[in-house]
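Peer 1:
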DNA sequence: CACCCTCTGACCATCTTTGACTTTTGACTA
DNA sequence: TAGTCAAAAGTCAAAGATGGTCAGAGGGTG
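Protein chains in written order, with our numbering: chain L, 85 to 242; chain A, 85 to 242.
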């Protein structure tokens, strides 16, 4: 693996997968020690890899007996997935390629669309295709991702 | 071989051929060092020799743990259909919903995409989703349809 | 000679790593 | 109970590590 962040990401996902409950609780310092990095590296990994749109929820507590809890969000209804993603899209001030990718990957994981469809749409929403100023790009992405959600809603019986 | 670009091209193709998967991942700096050239030379080689038309797909990531990934893909046999559609897209001064639909229908007829995919994209490119001034809408549609063509060049056997 | 590739380097964009400083929390003490 | 302290975790900006772009110089070929 190329960088320590990826390694830590994989490790955490592995632990998460192996845990019965869909949540794990870690001690930041422990993880940092295990991978020989500074503690704040763990925050970086969490902030970039375990985001809401990817379907993770993170809680933590400081002080003695502190912890970081990572939870995989489990939504039972397709509707929930769509509406939570719509909320995220609405709330995010800037929609960059990374976020678009996260959302599309999530939709595929949740079996709301096929890999190939996601692939196509990703390219339509790429920086390359949307060769505009950042704000305009963000605007278009928001419009189109919301349009996508709308289609998926009735396509999956909403 | 007369120039360094050709040498690098051959080298990369050789490595690609020898790799089990039809993809390789390189570090720009490494290759540049091996051939004693500036890093941007690698970009030049990639931009001129590993294009989509020639059947290659290139992805990359910057920053720590960055890389350049080159993938061999199989081109779709109906390049002529794509070319003619691209011409149409280029030549039309205004791209309205009707034209988008025509293009998508054609692509489905030629079995270059599935009905459902066309449906999705049609919605993304609709007047409703692209709630903009006519010219801007037209601009976005052009960009995105061209992006679509680019993907379709190699899909189905990539 | 003109033109089209190549090559180069300065400058840019993006992602990661690090560390100093901050905030929160619980336990212990006065 | 209030205050203090140490043990977490959080924040943020700078530094580091890559890759990308672009315009101009350089060179070979018809």
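For every residue, glycine included, the Cβ atom is placed at its ideal position computed from N, Cα and C.
Quantities reported herein were computed from a predicted structural model and do not represent experimental measurements.
1) Tell me which residues share the same chain as residue 88 of chain A and place their Cβ nearer than 8 Å to its Cβ, disregarding the 5 neighbours each side in the sequence.
2) Can you name the residues of chain L whose CB is closer than 8 Å to the CB of residue 227 of chain A?
3) Output yes if chain L places a C-beta closer than 7 Å to the C-beta of residue 165 of chain A; else output no.
4) Which partner residues of residue 140 of chain A appear in the DSSP bridge assignment?
5) From the DSSP output, in three-state form, read off residue 109 of chain L for me.
6) Residue 174 of chain L versus chain A: which residues are under 9 Å apart at the beta carbon?
7) On a Cα-Cα basis, can you pick out the residue from A:105, A:104, A:133 that is closest to residue 95 of chain A?
8) Kindly list, in the order they appear in chain A, the residues whose Cβ is closer than 8 Å to that of residue 207 of chain L.
9) Counting C-beta neighbours from all protein chains within 10 Å, is the total for residue 210 of chain A 16 or more, i.e. buried, or is it exposed?
10) Could you name each continuous beta strand (DSSP E) segment of 3 residues or more that falls completely within the segment 142-226 of chain L, going from the start of the chain to the end?
11) Can the beta-carbon of residue 109 of chain A be found less than 7 Å from the beta-carbon of residue 140 of chain A?
12) Is the segment 95-105 of chain A in contact with the segment 183-197 of chain L, if contact means three or more CB pairs nearer than 8 Å?
13) Mind checking whether residue 194 of chain A and residue 234 of chain A have CB atoms under 7 Å apart?
14) Just to confirm my understanding: we take residue 137 of chain L, look at its own chain, exclude 5 residues before and 5 after, and list those with CB closer than 7 Å. What are they?
15) I'd like to know whether the C-beta atoms of residue 142 of chain L and residue 93 of chain L end up nearer to each other than 7 Å.
16) Considering only the alpha carbon of each residue, which of A:145, A:86, A:91, A:219 lies closest to residue 179 of chain A?
17) How about residue 213 of chain A and residue 228 of chain L: are their beta carbons less than 7 Å apart?
18) Determine which residues of the segment 150-165 of chain A have a Cβ less than 9 Å from any Cβ of chain L, and write them out in chain order.
19) Buried or exposed: which applies to residue 197 of chain A, given that a residue is buried once 16 or more other Cβ atoms fall within 10 Å of its Cβ?
20) In this structure, does DSSP put residue 120 of chain L in helix, strand or coil?
21) At which residues does the alpha helix (DSSP H) containing residue 94 of chain L begin and terminate?
22) Grouping DSSP H, G and I as helix and E and B as strand, with all else coil, what is residue 132 of chain L?
23) Measure the CB-CB distance between residue 202 of chain L and residue 207 of chain A and report whether it falls below 7 Å.
24) To the nearest angstrom, how far is the alpha carbon of residue 148 of chain L from that of residue 111 of chain L?
25) Look at the Cβ atom of residue 237 of chain A, then the Cβ atom of residue 160 of chain A, and state whether they are nearer than 7 Å.
26) How is residue 239 of chain A classed by DSSP in three states: helix, strand or coil?
27) With 7 Å as the threshold, decide whether the Cβ of residue 204 of chain A is near any Cβ in chain L.
Peer 2: The relevant details are as follows:
1) 119, 121, 125
2) 213, 214, 215
3) no
4) A:156
5) strand
6) None at all; the shortest Cβ gap to chain A is about 15 Å.
7) A:133
8) 231, 232, 234, 235
9) buried
10) 151-156
11) no
12) no
13) no
14) 169, 172, 183, 186, 187, 190
15) no
16) A:219
17) yes
18) 150, 151
19) buried
20) coil
21) 88-102
22) helix
23) no
24) 11 Å
25) yes
26) coil
27) yes
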